[in-house]
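S.K.: Below you'll find the structure I mean.
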Amino acid sequence: MAPKKGNKQKKVVLKYTIDCSIPVSDQVLDPASFEKFLHDRIKVDGKVGVLGDKVKIIREDKNIVVHAEAPFSKRYLKYLTKKYLKKQLLRDYLHVIAPNKTSYQLRYFDIQGDEEE
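The numbering of the sequence shown is my numbering, which starts it at 1106 and goes up by one.
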C-alpha cells in the first residue's frame, strides 16, 4: 500500500486572554513581570522556557494574550496565574475568573464587613 499524499494536518492556534485591568489600574500588579513569569514558566514539549514557535505571549496594554498551538490547556494558564499571585503575595486578595471560553479575568474578592445583627 502506497503512502497517502497531502495528509498534513492544519495547525490549530488557540488564543487565550488574561485580563489584568482591575489590579493594574490600582497599581497592584505589574503586567510586564507577569508576562516574564509566563514566558519563563510555560512548558512546551516538557521543557520550561523554550517556547519556540508553538507559544507566543503578547502584552496588550492591561491584557496578556497567549497564542498557542493545539495541545495547550486553558487550565494550565489558570494554574500559572495562581502560582504568580501566590509568589507576589496577592493570592489572598485576587482570584481568577473565567468570564467566557477563551479568557480569564483577575478580580478582587468581595469582602463584606462584619455587620452586627
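The beta-carbon is built from N, C-alpha and C at its ideal position, and this holds for glycine as well.
Because the structure is a prediction, the values reported are computed rather than measured.
Apart from the five residues on each side of it in sequence, which residues of its chain come closer than 7 Å, Cβ to Cβ, to F1139?
M.R.: Taking the sequence shown and counting its residues from 1, the one referred to as residue 1139 is at position 34. Excluding sequence neighbours, F1139 sits near C1125, I1169, Y1189.
S.K.: Take every Cβ of the region 1190 to 1205, pair it with every Cβ of the region 1128 to 1142, and state whether three or more of those distances are shorter than 8 Å.
M.R.: The region 1190 to 1205, when compared against the region 1128 to 1142, does touch it at the 8 Å Cβ threshold.
S.K.: Should A1173 be labelled buried (16 or more other beta-carbon atoms within 10 Å of its own) or exposed?
M.R.: Here residue 1173 refers to the residue found at position 68 when the sequence shown is read from its first residue. It is buried - the Cβ of A1173 has at least 16 other Cβ atoms within 10 Å.
S.K.: Does the separation of the CB atoms of V1171 and V1160 fall below 8 Å?
M.R.: Walking along the sequence shown from the start, residue 1171 turns up at place 66. Walking along the sequence shown from the start, residue 1160 turns up at place 55. Closer than 8 Å, so yes.
S.K.: Does DSSP put S1208 in a helix, in a strand, or in coil?
M.R.: As a first step, residue 1208 must be located in the sequence shown, where it is residue number 103. Note: S1208 maps to strand in three-state DSSP.
S.K.: Bridge partners for E1174 per DSSP, in chain order?
M.R.: In the sequence shown, residue 1174 corresponds to position 69, counting from 1. E1174 is bridged to V1118.
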